[in-house]
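Report on the following structure.
Protein chains: 4
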Amino acid sequence: MKRIAVFTSGGDSPGMNAAVRAAVRTALSNDITVAGIRYGYQGMIDNDFVEMEDHSVSNIIQRGGTILKSARSKDFREYEGRKKAIENLKADNIDAIVAIGGDGTFRGATELYQEFGLPVVGVPGTIDNDLSGTDETIGYDTAMNTAIDAIDKIRDTADAHERLFLVEVMGREAGFIALETGIATGAELILLPEAVSRVDDVRESLNEVFKVQRRSSLVIVAEGDETGGAIKLAENLKDDFEKYEMRVSVLGHIQRGGAPTSRDRVLASRLGSAAVQALVDGHSSIMVGVVNNKLKLTPMKNTWSKKKSLNYELLELAKVLS
Amino acid sequence: MKRIAVFTSGGDSPGMNAAVRAAVRTALSNDITVAGIRYGYQGMIDNDFVEMEDHSVSNIIQRGGTILKSARSKDFREYEGRKKAIENLKADNIDAIVAIGGDGTFRGATELYQEFGLPVVGVPGTIDNDLSGTDETIGYDTAMNTAIDAIDKIRDTADAHERLFLVEVMGREAGFIALETGIATGAELILLPEAVSRVDDVRESLNEVFKVQRRSSLVIVAEGDETGGAIKLAENLKDDFEKYEMRVSVLGHIQRGGAPTSRDRVLASRLGSAAVQALVDGHSSIMVGVVNNKLKLTPMKNTWSKKKSLNYELLELAKVLS
Amino acid sequence: MKRIAVFTSGGDSPGMNAAVRAAVRTALSNDITVAGIRYGYQGMIDNDFVEMEDHSVSNIIQRGGTILKSARSKDFREYEGRKKAIENLKADNIDAIVAIGGDGTFRGATELYQEFGLPVVGVPGTIDNDLSGTDETIGYDTAMNTAIDAIDKIRDTADAHERLFLVEVMGREAGFIALETGIATGAELILLPEAVSRVDDVRESLNEVFKVQRRSSLVIVAEGDETGGAIKLAENLKDDFEKYEMRVSVLGHIQRGGAPTSRDRVLASRLGSAAVQALVDGHSSIMVGVVNNKLKLTPMKNTWSKKKSLNYELLELAKVLS
Amino acid sequence: MKRIAVFTSGGDSPGMNAAVRAAVRTALSNDITVAGIRYGYQGMIDNDFVEMEDHSVSNIIQRGGTILKSARSKDFREYEGRKKAIENLKADNIDAIVAIGGDGTFRGATELYQEFGLPVVGVPGTIDNDLSGTDETIGYDTAMNTAIDAIDKIRDTADAHERLFLVEVMGREAGFIALETGIATGAELILLPEAVSRVDDVRESLNEVFKVQRRSSLVIVAEGDETGGAIKLAENLKDDFEKYEMRVSVLGHIQRGGAPTSRDRVLASRLGSAAVQALVDGHSSIMVGVVNNKLKLTPMKNTWSKKKSLNYELLELAKVLS
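In structure tokens, the structure reads:
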């Protein structure tokens with residue numbers, strides 16, 4: 001293997017740059033040259049390649065976003081688009097690719113592998129932590145810390161006014177962020193896609209809370225919860241909690257940005273490096289992950305086909321502690 | 001004067017605790033005892049008073065929210081309510097009050113002064129900075145820093161995807177926060193209550209921006225802007241900017257919380273102390289402020305009846321620099 | 001079991017309050033009353049107990065430091081002191097204790113168990129992460145994030161001036177903080193107690209770095225490293241790197257404070273709760289920990305007698321990536 | 001005027017990049033081209049110039065440090081060096097320069113003006129705030145917020161242990177940072193270059209503090225204070241306060257880095273733009289500043305020859321409030 005390409009795709013997550021840096025430097029130290037593909041699969045089709053040198057990845061380990069940019073690509077969904085992508089990779093003498101992203105990214109990489117035999121290795125970069133084969137994905141730890149920092153601020157004003165606050169955090173399919181941030185902020189209720197949430201139950205639980213004493217109250221809602229998210233839930237509850245000045249806050253895209261935490265930088269450094277090593281070792285169509293603090297390779301397909309389980313023990317804990 | 005009361009009212013703002021601390025300690029050092037009233041005017045009516053000692057205000061200078069709590073009070077809008085409030089103050093031998101809050105707070109204090117002759121001094125505590133008689137209100141500097149910290153994170157993801165982001169910041173009547181955060185984050189457009197914003201003009205400006213090159217773009221919208229806020233604006237623009245994956249973020253209540261900045265702590269310390277000094281000096285029905293870095297007393301009524309002007313020079317600057 | 005005591009001892013670490021909260025609320029939900037002992041073992045001797053109710057631990061999950069205070073105790077090192085401590089516990093009808101701290105704390109608890117048969121369970125609270133029986137200690141994750149946040153700032157000024165910076169992080173016996181922060185900040189060199197560091201080797205390595213190109217350079221030094229820490233190392237190197245304006249920064253006590261990260265809050269919540277559950281289940285003289293994301297009980301003595309190993313793979317990684 | 005040069009020099013300060021951005025964009029919008037000089041006066045001598053386009057300053061407003069780098073220059077102290085610098089500027093057709101830095105930077109610029117008639121305008125960029133002609137310098141507000149954030153963390157651990165902490169902040173000649181951070185963190189004592197501090201007085205004051213009650217205590221020391229700084233002061237005090245576990249923390253270079261605050265970004269944007277405007281208007285040998293929130297031009301020499309005064313009212317306030 002003499003030359004590889006690296007790219008980021010799908011929703012960006014903090015730590016992607018650290019993963020790019022690690023992949024580039026590990027490749028260079030193995031005498032493998034590296035092309036950076038800008039704008040993900042779309043850039044692969046548009047031939048938007050840049051040469052990655054040692055200095056190209058200097059001083060980026062601490063930056064949010066992705067220096068290689070990201071994009072959605074309709075063209076890539078068609079066989080013609082993928083064929084064009086492969087031709088561009090071949091023309092640049094690229095032997096294999098490192099794909100940094102989530103399940104959409106890995107599905108695309110798998111198609112390139114299956115249709116054209118291109119060696120591909122995936123690096124899990126998504127704040128949602130919803131990929132099997134790794135205990136944590138790159139960006140998840142940062143997103144949670146961004147969320148609790150915001151929720152701590154909301155707590156300040158909630159406490160000042162004895163208010164009921166509904167805060168929506170990211171997580172369309174999975175409640176990982178909601179669950180841990182709920183515990184970390186002492187939320188009275190945590191509503192998740194994985195657990196059935198009915199508005200009636202929420203109402204009852206909150207009535208219990210307010211029966212005890214005059215106080216503020218915090219409900220964390222994953223965007224994919226069955227109640228429909230914080231805004232819709234608030235509409236359904238407002239008549240019952242009129243005197244508590246219910247407020248809604250949708251944290252939104254701030255959760256994707258910011259300097260990555262120490263944990264995300266270390267994880268991204270390990271995985272970016274391991275991805276290149278896996279290619280050198282002849283692996284393909286796998287994702288590198290860290291399970292029980294050890295590097296682990298998982299067949300790419302399993303990362304999205306197997307549902308990753310929440311730690312339900314934490315749900316019980318949240319009830320005892322709030 | 002032997003005894004005063006201190007309270008916070010209206011929307012809380014970071015630095016209120018520093019102001020409470022300064023008022024309490026300045027009073028105590030003048031051999032004046034202090035009652036803290038919890039929950040603002042409602043607590044005045046409900047007789048929710050706590051004795052403030054030196055240690056009551058230890059270790060609070062860095063905390064967001066307000067240890068004295070805040071609330072809205074319907075009862076206080078009625079004469080009967082205010083009379084009850086005055087009776088409670090009298091019963092506790094309170095000679096004067098320090099009111100920390102915004103224009104609503106000051107209107108209430110003015111009524112107590114006019115109807116019952118109670119000496120009152122106001123301390124400007126609101127993130128909106130919309131009070132005349134002081135260059136800055138307590139909490140304004142912190143709110144802006146919270147906002148730019150959030151917007152920097154949004155920029156990360158906007159840049160990664162070349163997206164158009166509409167970010168709504170607080171400011172129902174005034175564009176102070178929007179204007180300075182817009183400059184501080186390099187926004188392409190800043191929409192304010194003070195300047196006429198039409199959706200057509202916004203559309204045209206953004207078309208100019210995107211004509212130049214493929215790039216991300218950031219629009220800061222004050223919640224009180226004529227376009228109706230970020231969510232409504234996005235609905236009106238979405239057909240025209242389909243390919244830019246327009247995203248909306250409403251920063252909301254996080255702007256009220258958090259540890260106050262150095263500037264807000266110093267301002268709050270100066271003003272909380274000056275308020276007590278003003279009472280000692282025999283002043284009443286005034287607000288203490290800082291104008292051109294000097295303490296200044298302003299008749300309470302003027303603080304809301306005179307419209308405070310934006311620095312329009314900055315609006316021009318924003319256009320040159322973005 | 002009807003009544004337990006909880007205390008913090010030794011160097012404080014972020015998340016201790018979250019652990020106290022979890023222990024108190026778990027006990028109360030099991031109909032066990034809780035005494036909080038202030039100032040650790042010294043308070044046990046001085047009978048400095050406070051009753052812990054549900055509201056005693058409200059709104060503390062996000063606070064650094066420890067609301068129960070900490071202290072060193074010379075008296076406790078004598079048998080007479082420990083006997084007095086036990087008498088006070090008995091007089092207050094305390095059946096068992098939850099000790100939150102590091103190896104010094106656990107040694108003390110073990111003595112109470114061995115000499116007087118008092119049931120004790122330990123919760124690992126120390127930023128140094130140097131206890132066996134748990135993958136991470138409470139406070140470790142926060143300390144690292146505080147460190148990298150500071151080092152990122154130092155990088156800004158180092159890069160502006162092309163300087164050589166020696167930054168000392170905490171870790172007298174163990175290099176956990178130094179190793180991970182070194183990787184997370186892209187340090188050129190990481191000096192640890194676990195690896196032999198000679199000044200000559202450091203000099204040679206840095207000469208390699210500067211041979212490549214004009215640039216800034218960062219060396220992370222654990223305080224317990226053999227070179228004697230950053231200040232002493234700088235003195236030994238200064239003649240050789242005169243033109244690089246070498247600078248030293250000792251991060252020091254800022255690493256102990258601050259709001260705990262999401263990870264530390266969740267860990268502390270799990271362990272504080274598990275400690276009470278372990279007592280309920282009849283365990284004693286054990287520490288609760290999390291290993292491979294599962295709760296685990298470890299005999300208290302093993303927590304300090306068995307040396308916890310660094311992940312040496314990361315040391316290799318650091319060399320490739322810097 | 002058709003072409004100008006911009007550079008940063010001396011100690012870097014947060015907001016310098018925002019000033020560079022504003023100068024570049026204001027020049028370009030006036031059809032003036034811009035050379036960026038790297039490494040300050042040394043780069044002027046070494047001919048290290050880069051062309052500054054609109055995109056050269058994209059996405060830098062939030063970054064600490066300086067993209068143009070900074071350096072000390074021995075060569076520039078000699079006439080020969082300065083002559084070489086001027087020749088390089090002439091060769092690149094540069095008509096005038098914008099110098100961003102502190103008093104050392106301005107002395108250099110003044111020599112170029114006096115010896116060679118080069119039009120120069122200064123922008124005050126230094127965290128120390130010790131330049132006359134502007135209420136605040138760029139970086140001062142950020143440095144204070146970095147300092148109080150660190151000191152808040154130290155407070156956590158100080159409070160946990162009832163310790164006496166001596167914290168040294170930057171300020172060799174001036175106590176601006178020490179004074180405001182001292183008030184903002186509720187320090188028991190503030191030691192400044194501008195006020196005579198004798199170790200005996202410090203000892204006496206601290207004895208007063210500790211006489212009152214068992215508690216933690218915080219002393220802020222400017223590095224240029226007469227007691228010799230925090231480390232030396234600690235040595236002189238340690239015998240008297242043995243039982244308080246005195247600790248020292250030198251905040252050091254972290255105060256120079258980090259993302260600039262909203263205030264520093266807005267100030268830098270105004271001043272960077274005003275500097276170019278001043279050159280367009282034909283001014284020279286002046287510094288642009290903001291006094292009482294209005295732009296103001298000051299003869300460059302006055303910025304360092306006139307001593308800028310502390311707000312001594314704040315020193316009194318600190319005593320009342322701590």
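Residue numbers (the UniProt record's numbering), protein chains in the order written: chain A, 1 to 322; chain B, 1 to 322; chain C, 1 to 322; chain D, 1 to 322.
Beta carbons: idealized from backbone N, C-alpha and C, even for Gly.
Just so we're clear, the structure is a prediction, and the values are computed from it rather than from any experiment.
The ligand ADP heavy atom lying under 7 Å from the CB of Lys-232 (chain B): Questions concerning the ligand ADP fall outside what the structure shown contains, since it holds no ligand whatsoever.
CB contact below 8 Å: Arg-270 (chain D) versus chain B: Taking Cβ atoms only, chain B reaches closer than 8 Å to Arg-270 (chain D), which makes this a yes.
His-253 (chain D) burial status per 10 Å Cβ neighbour count (16 or more: buried): buried
Identity of the residue in A:Asp-130, A:Pro-124 and A:Val-20 nearest Gly-36 (chain A) by Cα: A:Val-20
Listed by chain order, chain A residues near Glu-188 (chain C) by CB distance under 7 Å: By Cβ distance, chain A contributes nothing, its closest Cβ being about 12 Å from Glu-188 (chain C), past 7 Å.
Enclosing beta strand (DSSP E) for Thr-8 (chain B) [first to last residue]: 3 to 8
Residues of the segment 56 to 71 of chain B whose Cβ lies closer than 7 Å to any Cβ of chain D, in chain order: Asn-59, Ile-61 and Gln-62
Opposing strand residues paired with Gly-101 (chain A) [DSSP bridges]: A:Pro-124
Those runs of the alpha helix (DSSP H) which lie wholly inside the segment 117 to 184 of chain B and span at least 4 residues: 140 to 161 and 176 to 184
Proximity to Ser-249 (chain D) [Cα-Cα], best of D:Phe-165, D:Gly-133, D:Asp-103 and D:Ser-73: D:Phe-165
Selection of the segment 237 to 261 of chain D by Cβ proximity to chain C, strictly under 7 Å: Arg-247, Ser-249, Val-250, Gly-252, His-253, Ile-254, Arg-256, Gly-257 and Gly-258
Test: Lys-2 (chain D) CB closer than 8 Å to a CB of chain C: no
Bridge partners - Gly-257 (chain D), DSSP secondary structure assignment: For Gly-257 (chain D), DSSP assigns no beta-bridge partner whatsoever.
Residues that Arg-263 (chain A) contacts on chain C, provided the C-beta gap is smaller than 9 Å: Asp-141, Met-144, Asn-145, Glu-180, Ala-184, Thr-261 and Arg-263
Separation of Lys-306 (chain B) from Ser-132 (chain B), as counted between CA atoms: For Ser-132 (chain B) and Lys-306 (chain B), the gap between their C-alpha atoms comes out near 6 Å.
Cβ neighbour criterion (16 or more within 10 Å) applied to Arg-172 (chain B): exposed
Supposed close pair Leu-310 (chain D), Gly-175 (chain D) - CB separation, criterion 8 Å: 6 Å
CA-to-CA distance, Arg-38 (chain A) to Glu-162 (chain B), given in whole angstroms: 12 Å
Extent of the continuous beta strand (DSSP E) run through Glu-53 (chain C): Looking at the DSSP string, Glu-53 (chain C) is not in any beta strand (DSSP E), and its letter there is neither H nor E.
Local Cβ density within 10 Å of Gly-282 (chain C), reported as buried at 16 or more and exposed below that: Under this definition Gly-282 (chain C) is an exposed residue.
Three or more C-beta pairs below 8 Å linking the segment 84 to 98 of chain D and the segment 1 to 12 of chain D: Of all C-beta pairs linking the segment 84 to 98 of chain D to the segment 1 to 12 of chain D, three or more are shorter than 8 Å, placing the two stretches in contact.
Within-8 Å CB hit, Arg-155 (chain D) to chain C: yes
Ala-96 (chain A) - partner residues in DSSP beta bridges: A:Ile-4
One or two residues paired with Thr-33 (chain C) in a DSSP bridge: C:Arg-3
Distance CB(Arg-231 (chain A))-CB(Met-170 (chain A)) smaller than 8 Å: Note that residue 231 (chain A) corresponds to Ile in the displayed sequence, not to Arg. No, they are not a contact pair.
Within 8 Å, strictly: CB atoms of Ala-195 (chain A) and Leu-317 (chain A): no
DSSP state of Arg-38 (chain A) mapped onto helix, strand, coil: Three-state DSSP puts Arg-38 (chain A) in coil, outside helix and strand.
Coil, strand or helix - Phe-76 (chain C) by DSSP: It is helical.
Closest Cα partner of Ile-67 (chain A) within the set A:Phe-49, A:Leu-218 and A:Gly-117: A:Phe-49
Other residues of its chain near Ser-274 (chain B): CB distance less than 6 Å, five sequence neighbours each side excluded: The residue you asked about is not Ser; residue 274 (chain B) is Ala in the sequence shown. Cβ within range, chain order: Val-288 and Leu-295.
Cβ-based burial, Lys-69 (chain A) [other Cβ within 10 Å; buried from 16]: buried
Same chain only: Cβ atoms within 8 Å of Glu-80 (chain C), ignoring 5 sequence neighbours per side: none
Bounding residues of the alpha helix (DSSP H) (the contiguous stretch that carries Thr-298 (chain D)): Run containing Thr-298 (chain D): none in the alpha helix (DSSP H); it sits in the beta strand (DSSP E), 294 to 299.
The beta strand (DSSP E) enclosing Val-291 (chain B), as first and last residue numbers: Residues 286 to 291.
CA-to-CA distance, Pro-14 (chain A) to Gly-257 (chain A), given in whole angstroms: 6 Å
Chain D contact residues for Asp-159 (chain C), given Cβ-Cβ distances below 7 Å: Gly-65
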